[in-house]
Ligand SMILES: Cc1cc2nc3c(=O)[nH]c(=O)nc-3n(C[C@H](O)[C@H](O)[C@H](O)COP(=O)(O)OP(=O)(O)OC[C@H]3O[C@@H](n4cnc5c(N)ncnc54)[C@H](O)[C@@H]3O)c2cc1C
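Numbering (our numbering), first residue to last: 6 to 335.
1. Can you round the beta-carbon distance between residue 188 and residue 56 to whole angstroms, since I take them to be within the 8 Å contact cut?
2. Is the beta carbon of residue 296 closer than 8 Å to that of residue 20?
3. Hey, how far is the Cα of residue 266 from the Cα of residue 137?
4. Can you give me the Cβ contacts of residue 89 inside the same chain, cut-off strictly under 7 Å, excluding the 5 residues immediately before and after it?
5. Could you have a look at residue 319 and say whether DSSP puts it in helix, strand or coil?
6. Identify which residue in 15, 32 and 14 has its Cα closest to the Cα of residue 6.
7. From what residue to what residue does the alpha helix (DSSP H) around residue 233 run?
8. Using the DSSP secondary-structure output, state which residues sit across from residue 334 in a beta bridge.
9. So, using beta-carbon positions, are residue 185 and residue 148 closer together than 8 Å?
10. Among the candidates 62, 61, 63 and 102, whose CA atom is the shortest distance from the CA of residue 78?
11. When DSSP builds the beta bridges, which residues end up paired with residue 305?
12. Excluding sequence positions up to five away, which residues of its chain have a Cβ less than 6 Å from the Cβ of residue 257?
13. When we look at the beta-carbon of residue 326 and count the other beta-carbons within 10 Å, is it buried (16 or more) or exposed?
14. Following a CB-centred definition, is residue 163 positioned closer than 7 Å to any heavy atom of ligand 1?
15. Just the Cα atoms here: how many angstroms apart are residue 38 and residue 75?
16. Relative to the alpha-carbon of residue 135, which residue among 69, 208 and 239 has its alpha-carbon at the smallest distance?
17. Which complete beta strand (DSSP E) runs does the region 182-241 hold, if anything under 3 residues is left out?
18. Looking at C-beta atoms only, is the number of pairs between the region 205-222 and the region 115-123 that lie closer than 8 Å three or more?
19. First and last residue of the beta strand (DSSP E) that includes residue 393?
20. So, helix, strand or coil for residue 22, using DSSP?
21. According to DSSP, is residue 289 helix, strand or coil?
22. Report the rounded CA-to-CA distance for residue 58 versus residue 241, giving the unit in angstroms.
23. At which residue ranges does the region 48-131 contain complete alpha helix (DSSP H) runs of 4 or more residues, listed in the order of the chain?
24. Can you name the start and end residues of the beta strand (DSSP E) that residue 140 belongs to?
25. For residue 273, report the span of its alpha helix (DSSP H) as first-last.
26. Please state the DSSP three-state secondary structure of residue 157.
27. Let me confirm a value: residue 23 is counted as buried when at least 16 other C-beta atoms fall within 10 Å, else exposed. Which label applies?
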């Protein structure tokens, strides 16, 4: 086994942006992950885990370390068929997991119709939409801990999932090198295959209609903003906004979504701040969905970073709200 060298990350990025990785390795099983991590430790180089590349902005300068892709695929039923337990490798696409569930008439993941990326990436960020989140179906997660160089299994509770958050994400911040998700077990319920397919298709159609999928992109750049950032949680204004499903703030009417808790859409804040269609170099704040910054014409990571800063600053000045990045940057 050997690391590849100077591999273009743009080729592995949904954004088609990114310079070279000094070292690059695709691990097809847990043994290869262990080998790669030992090797990186021996070489004293940093490691970045890259999966589907659907949520990462990679620097044009590249990455001076090892980019490790956990390409552990496979989706299979565990235990008796009636239990509804399904295990998926971290490198399996969410599409593959959904297709497996559909073949077995297993319901619970329809919300993820059209969600790009892998199971590992979605677990780590507790991906969610349309009222569903990964945590709703997860039973347990296996991960590789680089501190002990051992594999461990956590129950869903121990994963401490939150809004686009998990123990895996928090460990990265604390230790500078998080655990690598290897696989996850999901509990799904017996359902009606036609209804499951219809629900998933509806989500795909919604995405096509409302998201600028015609351009390279990495999804929503910023997290939606908790309503409590505008009105304190116990205030009468907060309760009234939740009850009405909308709030009037600084002269603008915002819908209040309760997914997964009362929030206002970052897209609406950016749009109302007048930034639809604003571009920098080859990057553009999508007029269709302003929380997407699309790669319209050979954008650089710098172009995107400038638009992100602009969006944050203009929204802060106009609405006094701080946007928090949803995407990861390396
Ligand atoms: C068009 C579009 C729509 C989207 N819609 C949604 C949506 O509705 N809801 C939502 O939540 N997200 C959405 N996203 C974002 C993205 O698809 C998800 O966050 C996805 O789960 C990321 O998976 P990935 O495999 O591409 O991860 P990557 O983008 O490769 O990585 C994302 C982060 O996860 C880490 N990571 C990846 N794999 C592992 C692993 N095995 N172990 C540890 N860390 C890992 C990486 O280091 C990185 O920090 C969308 C993206 C696009 C492009």
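Glycine residues also receive a C-beta, built at the ideal position from the N, C-alpha and C atoms.
This one's a predicted model, so the numbers in the text were calculated from it and none came from an experiment.
For this structure:
1. By one-based count along the chain shown, residue 188 stands at place 183. By one-based count along the chain shown, residue 56 stands at place 51. The pair is not a contact, with the Cβ atoms about 13 Å apart (cut-off 8 Å).
2. The residue labelled residue 20 in the question sits at position 15 within the chain shown. The residue labelled residue 296 in the question sits at position 291 within the chain shown. No, the Cβ-Cβ distance between residue 20 and residue 296 is not below 8 Å.
3. To locate residue 266, count along the chain shown from 1; it is residue 261. To locate residue 137, count along the chain shown from 1; it is residue 132. Going from the Cα of residue 266 to the Cα of residue 137 covers about 12 Å.
4. Residue mapping note: residue 89 aligns to position 84 of the chain shown, counting from 1. Correct list, in chain order: 111, 192, 193, 194 and 195.
5. Sequence index remark: in the chain shown, residue 319 carries index 314 (1-based). Three-state DSSP puts residue 319 in a helix.
6. For the purposes of this step, residue 6 is taken as the residue at position 1 of the chain shown. Of the listed residues, the one whose Cα sits closest to residue 6 is 32.
7. Here residue 233 corresponds to residue number 228 of the chain shown, with the count starting at 1. Per DSSP, residue 233 belongs to no alpha helix (DSSP H) and is neither H nor E.
8. Working through the chain shown from its first residue, we reach residue 334 at position 329. Per DSSP, 62.
9. Within the chain shown, the letter at position 180 stands for residue 185. Within the chain shown, the letter at position 143 stands for residue 148. It is a contact, given that the beta carbons lie within the stated cut-off.
10. Numbered from 1 along the chain shown, position 73 holds the residue referred to as residue 78. It is 102 whose Cα lies nearest to the Cα of residue 78.
11. For the purposes of this step, residue 305 is identified with residue 300 of the chain shown, where counting begins at 1. None, per the DSSP bridge assignment.
12. Working through the chain shown from its first residue, we reach residue 257 at position 252. Only 277 meet the Cβ criterion.
13. Working through the chain shown from its first residue, we reach residue 326 at position 321. Residue 326 is buried by the Cβ-count criterion.
14. The residue given as residue 163 occupies position 158 in the chain shown. No, since every heavy atom of ligand 1 falls outside the 7 Å radius drawn around the Cβ of residue 163.
15. Position 33 of the chain shown, counted from the first residue, corresponds to residue 38. Position 70 of the chain shown, counted from the first residue, corresponds to residue 75. Going from the Cα of residue 38 to the Cα of residue 75 covers about 7 Å.
16. Position 130 of the chain shown, counting from 1, holds the residue named residue 135. That would be 208, whose Cα lies nearest to the Cα of residue 135.
17. 185-192
18. yes
19. The structure shown does not extend to residue 393, since the chain spans only 6 to 335, so no value can be given for it.
20. Here the question's residue 22 lines up with position 17 in the chain shown. Correct three-state label for residue 22: coil.
21. Walking along the chain shown from the start, residue 289 turns up at place 284. Reduced to three states, the DSSP call for residue 289 is strand.
22. Locating residue 58 in the chain shown gives position 53, counting from the first residue. Locating residue 241 in the chain shown gives position 236, counting from the first residue. Their Cα atoms are separated by approximately 42 Å.
23. 99-108 and 124-129
24. Along the chain shown, read from residue 1 onward, the residue named residue 140 stands at position 135. It is not in any beta strand (DSSP E) - residue 140 carries neither H nor E in the DSSP assignment.
25. The sequence position of residue 273 within the chain shown is 268, counting from 1. First-last of the alpha helix (DSSP H) with residue 273: 271-277.
26. Looking up residue 157 in the chain shown gives position 152. The answer is strand: DSSP assigns residue 157 an E or B state.
27. As a first step, residue 23 is located in the chain shown; it is residue number 18 there, counting from the start. Answer is buried; the Cβ neighbour count reaches 16.
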